[in-house]
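Student:
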Amino acid sequence: MTLEDDLRTTLQDRAARPASRPDPDLWENVAAGVWRRRRRQRAGAIGAAALALTAVVVVPPLLTKSSAAPIPATSVPPTTDWVAPAWPPVVFPMRPSWVPPDPGTRSVMLIGPNHHLSYEREGSILSAEVGPVTGSWEVEAESTHRSTVNGRAAEVHVSSTYDGAGPGDEFVGVRWRLSDGQWAQVLSMGPRKEPEVLRFARGLTAGSVAAAPPSFKFAAVPPGFTLQHESDNYMCVAPAATVSRDGSPGDGVCVQVLSERETPAEPPIVTTVNGRRAEFSTSTLTIELGKHRWLELAWEHGTTRLSSDDIVRLASGITVRS
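Residue numbers for the sequence shown, in my numbering: 43 to 364.
#1: If we ignore side chains and look at the alpha-carbon of each, how far apart do residue 322 and residue 294 end up?
#2: DSSP puts residue 156 in a beta bridge; with which residues?
#3: Look up residue 218 in the DSSP assignment and give the residues it is bridged to.
#4: If you check the beta carbons only, do residue 217 and residue 225 fall under 8 Å apart?
#5: Quick check on residue 274: buried or exposed, where buried means 16 or more other Cβ atoms within 10 Å of its Cβ?
#6: Return yes when the Cβ of residue 134 is within less than 8 Å of the Cβ of residue 159, no when it is not.
#7: Indicate the three-state DSSP secondary structure (helix, strand or coil) for residue 84 in the structure shown.
#8: Would you check whether the ligand FAD has a heavy atom nearer than 7 Å to the C-beta of residue 320?
#9: Mind checking who residue 287 pairs with in its DSSP beta bridge?
#10: Can you grab the Cα-Cα spacing for the pair residue 336 / residue 231, in whole Å?
#11: Along the alpha helix (DSSP H) that carries residue 237, what are the first and last residues, could you check?
#12: Flag this pair as touching only if the region 147-156 and the region 190-209 have three or more C-beta atom pairs under 8 Å; answer yes or no.
#13: How many Å lie between residue 250 and residue 132 at the Cα?
#14: In terms of DSSP beta bridges, what is residue 252 paired with?
#15: If residue 236 and residue 263 are in contact, beta carbons under 8 Å, what's the gap, nearest whole angstrom?
#16: Can you tell me which of the three DSSP states residue 141 falls into?
#17: Just to confirm the assignment, what range does the alpha helix (DSSP H) spanning residue 350 have?
#18: Less than 8 Å separating the beta-carbons of residue 312 and residue 329?
#19: What residue range is occupied by the uninterrupted beta strand (DSSP E) comprising residue 313?
#20: At what residues does the beta strand (DSSP E) containing residue 326 begin and finish?
This is the structure we're talking about:
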């Protein structure tokens with residue numbers, strides 16, 4: 043399952059959820075979908091309330107007991123110096139000059155090489171995506187036609203229904219190519235009609251929208267690693283070469299804070315990170331933070347080039363922000 047499949051599933055699940063039920067943040071659910079894919083043995087996502095943090099927690103540096111078996115992959119040589127992250131803050135590289143009335147909560151996130159801006163309210167979703175990778179339409183169109191966005195040829199997809207659509211809801215998608223060669227796309231699920239969606243798309247012009255402060259701070263990362271994914275309470279770092287290809291974390295490592303845990307399928311290897319209990323499995327390192335919270339790092343078993351010591355070194359320099 044690709045990242046776009048996860049996004050599609052999340053969007054459809056959100057649209058199908060009754061408005062009377064409390065909804066976690068859309069993009070946090072998208073991140074949880076990525077997480078589920080990377081942890082194939084484990085199911086379920088943690089909602090916004092379950093991920094809420096009450097304090098800043100620093101995982102103190104350095105491993106004090108390293109009994110974990112090494113991950114069977116080529117490690118960064120121990121003599122190689124790690125580097126302080128130098129990636130820029132996440133910003134959506136355009137600014138909307140107009141948004142529909144009462145659009146909902148705004149969020150900005152990074153998925154691989156593409157940046158996303160979304161507005162979400164009670165199952166109504168309006169999102170924009172910009173980057174070198176073409177986004178997915180998410181919904182099968184009943185009709186398609188051509189239009190223009192700021193003088194650029196655009197493709198428009200429309201459907202009067204989709205999974206979970208309410209009375210009067212419809213899907214509208216607009217995709218066009220920017221003058222610098224990047225792709226831009228706007229998707230709408232909800233009560234908005236095509237003229238409103240096109241107005242929003244045409245209003246995406248020069249400027250930027252900053253993301254909220256990241257949930258985690260990394261003291262150091264392996265050489266060649268950069269930010270691959272950033273959303274609320276979820277971040278991934280990966281080799282820069284893989285980030286440029288698509289939205290999959292690939293051979294990177296993803297981080298989140300859990301407020302509840304599932305029982306491991308197999309007994310984990312227990313170690314400590316500077317006095318904090320930690321558990322290794324084949325694809326996760328989980329560190330107790332106290333107050334029913336755990337810092338969890340996850341990777342795709344058999345693809346990461348980091349050893350268990352590398353994973354611990356990465357974890358030891360992570361600051362969890364409230």
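Note that beta-carbon positions come from the ideal geometry of N, C-alpha and C, so glycine has one too.
Tutor: Short version:
#1: As a first step, residue 322 is located in the sequence shown; it is residue number 280 there, counting from the start. As a first step, residue 294 is located in the sequence shown; it is residue number 252 there, counting from the start. Cα to Cα, residue 322 sits roughly 17 Å from residue 294.
#2: As a first step, residue 156 must be located in the sequence shown, where it is residue number 114. Looking at the DSSP assignment, residue 156 forms a beta bridge with 153.
#3: Translated into positions along the sequence shown, residue 218 becomes position 176. Looking at the DSSP assignment, residue 218 forms a beta bridge with 196, 226.
#4: As a position in the sequence shown, residue 217 is number 175, starting the count at 1. As a position in the sequence shown, residue 225 is number 183, starting the count at 1. For residue 217 and residue 225, yes; Cβs fall inside 8 Å.
#5: The residue given as residue 274 occupies position 232 in the sequence shown. Under this definition residue 274 is a buried residue.
#6: By 1-based counting over the sequence shown, the position of residue 159 is 117. By 1-based counting over the sequence shown, the position of residue 134 is 92. Their beta carbons are under 8 Å apart, which means residue 159 touches residue 134 by this criterion.
#7: Indexing the sequence shown from 1 puts residue 84 at position 42. With a pLDDT of 29 at residue 84, under the threshold of 50, the modelled position of that residue is not reliable, and no figure is offered here.
#8: Among the components of this structure there are no ligands whatsoever, and the ligand FAD is therefore not found.
#9: Residue numbering aside, residue 287 sits at position 245 when the sequence shown is read from its first letter. In the DSSP output, where bridge partners are listed per residue, residue 287 has none listed.
#10: Here residue 336 corresponds to residue number 294 of the sequence shown, with the count starting at 1. Here residue 231 corresponds to residue number 189 of the sequence shown, with the count starting at 1. Approximately 35 Å between the Cα atoms of the pair.
#11: On the sequence shown, position 195 is the one that residue 237 refers to. It spans 236-244 - the alpha helix (DSSP H) in which residue 237 sits, taken as one unbroken run.
#12: no
#13: Position 208 of the sequence shown, counting from 1, holds the residue named residue 250. Position 90 of the sequence shown, counting from 1, holds the residue named residue 132. C-alpha separation (whole angstroms): 10 Å.
#14: Looking up residue 252 in the sequence shown gives position 210. Looking at the DSSP assignment, residue 252 forms a beta bridge with 133.
#15: As a position in the sequence shown, residue 236 is number 194, starting the count at 1. As a position in the sequence shown, residue 263 is number 221, starting the count at 1. Not a contact, Cβ separation roughly 44 Å.
#16: Here residue 141 refers to the residue found at position 99 of the sequence shown. Here residue 141 sits in coil by DSSP.
#17: Working through the sequence shown from its first residue, we reach residue 350 at position 308. Segment 350-358, the alpha helix (DSSP H) holding residue 350.
#18: The residue labelled residue 312 in the question sits at position 270 within the sequence shown. The residue labelled residue 329 in the question sits at position 287 within the sequence shown. Cβ distance not < 8 Å, so residue 312 and residue 329 don't count as in contact.
#19: The count along the sequence shown starts at 1 and reaches residue 313 at position 271. Where residue 313 is concerned, the enclosing beta strand (DSSP E) stretches over 311-315.
#20: By one-based count along the sequence shown, residue 326 stands at place 284. Start and end: 326-330.
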